[in-house]
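Chemist: Below is the structure I would like to discuss, written out as C-alpha cells.
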Amino acid sequence: MQVTVQGREAYAYTGGRDFDPALPSLVFVHGALHDHSVFTLLARWFAHHGFSVLAVDLPGHGRSEGPALPSVEAAGAWVLDLLSAVGIERAALGGHSMGSLIALEAAARAPERASHLLLLGTAFPMKVSEALLGTAAEAPEKAMTMVNVFSHSTQAAKPGYPGPGSWLHGGNMALMRRTQTRSSEANLFLHDFQVCDRYAGGLEAAARVACPSHVLAAERDVMTAPKQAQALSQALKAQVHRIPGAGHSMMAEAPDAVLAALRQALSC
Numbered sequence: 000m001q002v003t004v005q006g007r008e009a010y011a012y013t014g015g016r017d018f019d020p021a022l023p024s025l026v027f028v029h030g031a032l033h034d035h036s037v038f039t040l041l042a043r044w045f046a047h048h049g050f051s052v053l054a055v056d057l058p059g060h061g062r063s064e065g066p067a068l069p070s071v072e073a074a075g076a077w078v079l080d081l082l083s084a085v086g087i088e089r090a091a092l093g094g095h096s097m098g099s100l101i102a103l104e105a106a107a108r109a110p111e112r113a114s115h116l117l118l119l120g121t122a123f124p125m126k127v128s129e130a131l132l133g134t135a136a137e138a139p140e141k142a143m144t145m146v147n148v149f150s151h152s153t154q155a156a157k158p159g160y161p162g163p164g165s166w167l168h169g170g171n172m173a174l175m176r177r178t179q180t181r182s183s184e185a186n187l188f189l190h191d192f193q194v195c196d197r198y199a200g201g202l203e204a205a206a207r208v209a210c211p212s213h214v215l216a217a218e219r220d221v222m223t224a225p226k227q228a229q230a231l232s233q234a235l236k237a238q239v240h241r242i243p244g245a246g247h248s249m250m251a252e253a254p255d256a257v258l259a260a261l262r263q264a265l266s267c
C-alpha cells in the first residue's frame, strides 16, 4: 500500500491482505541497503493469521520516496508518523539490523504505542569498521560483496535452499544492487552504514521502552554477533531467542526458526 508520511510517498507491504487498522498491528523495518522484501514470508504468515502487517520501505529505499533519513532518531520518528498516517494507535515494532535500532528508537519515543519490541540481528553499539566504511565510500560494489559474505553462515548455501530455485547469496546481492541503483542518494550503502555507526542512544532508549522486548540472535552471525547484543538485551530485560545455524540473514537462512520465535514473542 502507498501512504503519505511526512509529506512524501511511502510504501508498505501488507502481506497479501487488505490492511485493517482494527486488527492487532505489526510493523517490520528492514536493514541497511534492503527493502520490505526481506520480510515477505513473515509478513504473509502474520497477515493471514490475525494481524495487520506493514513491512515498510524506509524513505529512499525500495518504493518509498527519498531522501533517505539522516539518523536512527529521524527514522524512529518516521515510523511513528507512519502509524499515525494509517490510523494505528499501537503496534508491535520489529526490525532487522539497522531496522532493529529504528524500532528501538520508535518504541522509546512513544512507549505507549509499542505493544512489543522485536529486534532481529541487533547490536549496540552497532559500530562499522573503518575498513568497511572506507571501501563503501571508494568501491561500494566491493563493499556489498564483503557484506554479502559476512551476512550468511556459509560461503556457499545448499542448492535450492530453503526452496527450489532459491539462491540466498545471489538474491541478497541483487537486492543490494537494486536498492543502491534506484536510490536518489549518491551512495546509499555508505549512508546506511554511517547511520548505524553513528547511533549512540541505544541504552538510553532502552530505558524508556515499556513493552515486552525480544531479541532474536543468530548463532553464526558475524555482522551483529550475539555477544554484541548482550548489554542491550539486559537493558531491555529482553527475552533472547537463539536462532541455530543461521547468520545475519536469518530470515532467509532460518525462516521457520525465526517465525517460531516471533510467534512465541507475540503470544505473550
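For the sequence shown, numbering that gives the first Met the number 0 begins at 0 and goes up steadily by one.
We put the beta carbon where it would ideally sit given N, CA and C, even for glycine.
Just so we're clear, the structure is a prediction, and the values are computed from it rather than from any experiment.
Rank Glu111, Glu88, Leu116, Arg89 by C-alpha distance to the C-alpha of Ile101 and give the top, closest one.
Modeler: Minimum Cα distance to Ile101 is reached at Leu116.
Chemist: What's the C-alpha gap between Leu68 and Gly59?
Modeler: Cα to Cα, Leu68 sits roughly 8 Å from Gly59.
Chemist: Can you say whether Ser83 is buried or exposed, counting buried as having 16 or more other CB atoms within 10 angstroms of its CB?
Modeler: By the 10 Å Cβ count, Ser83 comes out exposed.
Chemist: For Asn171, which residues of its own chain have a beta-carbon under 8 Å away from its beta-carbon, when the five flanking residues on both sides are left out?
Modeler: Closer than 8 Å at the Cβ level, and outside the excluded window around Asn171, lie Asn147, Ser150, His151, Ser248, Ala251.
Chemist: By DSSP's criteria, Glu184 is part of a beta bridge. Which residues make up the other side?
Modeler: Beta-bridge pairing links Glu184 to no other residue.
Chemist: How far does the beta strand (DSSP E) with Glu140 in it extend, from its first residue to its last?
Modeler: Looking at the DSSP string, Glu140 is not in any beta strand (DSSP E); the run it does join, the alpha helix (DSSP H), is 139–149.
Chemist: Taking the straight line between their C-alpha atoms, what separation do you get for Ala90 and Val257?
Modeler: The alpha-carbon atoms of Ala90 and Val257 are separated by roughly 19 Å.
Chemist: With DSSP run on the structure shown, which of helix, strand or coil describes Ile242?
Modeler: Ile242: strand per DSSP, three-state reduction.
Chemist: Can you give me the start and stop residues for the alpha helix (DSSP H) that Ala84 sits inside?
Modeler: Its alpha helix (DSSP H) spans residues 71–85.
Chemist: Report the rounded CA-to-CA distance for Phe38 versus Thr13, giving the unit in angstroms.
Modeler: One C-alpha to the other measures close to 10 Å.
Chemist: Along the chain, where does the beta strand (DSSP E) that runs through Gln5 open and close?
Modeler: First-last for Gln5: undefined, no H or E at that position.
Chemist: Along the chain, where does the alpha helix (DSSP H) containing Phe27 start, and where does it finish?
Modeler: Premise fails: Phe27 lies in the beta strand (DSSP E), 24–28, not in any alpha helix (DSSP H).
Chemist: Can you find at least 3 beta carbon pairs, one from the region 170–189 and one from the region 204–220, that sit closer than 8 Å?
Modeler: No, the region 170–189 is not in contact with the region 204–220.
Chemist: Go ahead and label Gly120 buried or exposed: buried means 16 or more other beta carbons lie within 10 angstroms of its beta carbon, across all protein chains shown.
Modeler: Label assigned to Gly120: buried.
Chemist: From Thr7 to Lys141, what does the alpha carbon distance come to, in whole angstroms?
Modeler: Before going further, note that residue 7 is Arg rather than Thr in the sequence given. Cα to Cα, the separation comes out at about 32 Å.
Chemist: Please classify Ser266: is it buried, with 16 or more other beta-carbons within 10 angstroms of its beta-carbon, or exposed?
Modeler: Classification of Ser266: exposed, given that the 10 Å Cβ count is below 16.
Chemist: Given a threshold of 16 other Cβ atoms within 10 Å of its Cβ, counted over all protein chains shown, does Thr153 qualify as buried or as exposed?
Modeler: Per the 10 Å Cβ criterion, exposed.
Chemist: Determine the DSSP secondary structure at Val37, reduced to helix, strand or coil.
Modeler: Reduced to three states, the DSSP call for Val37 is helix.
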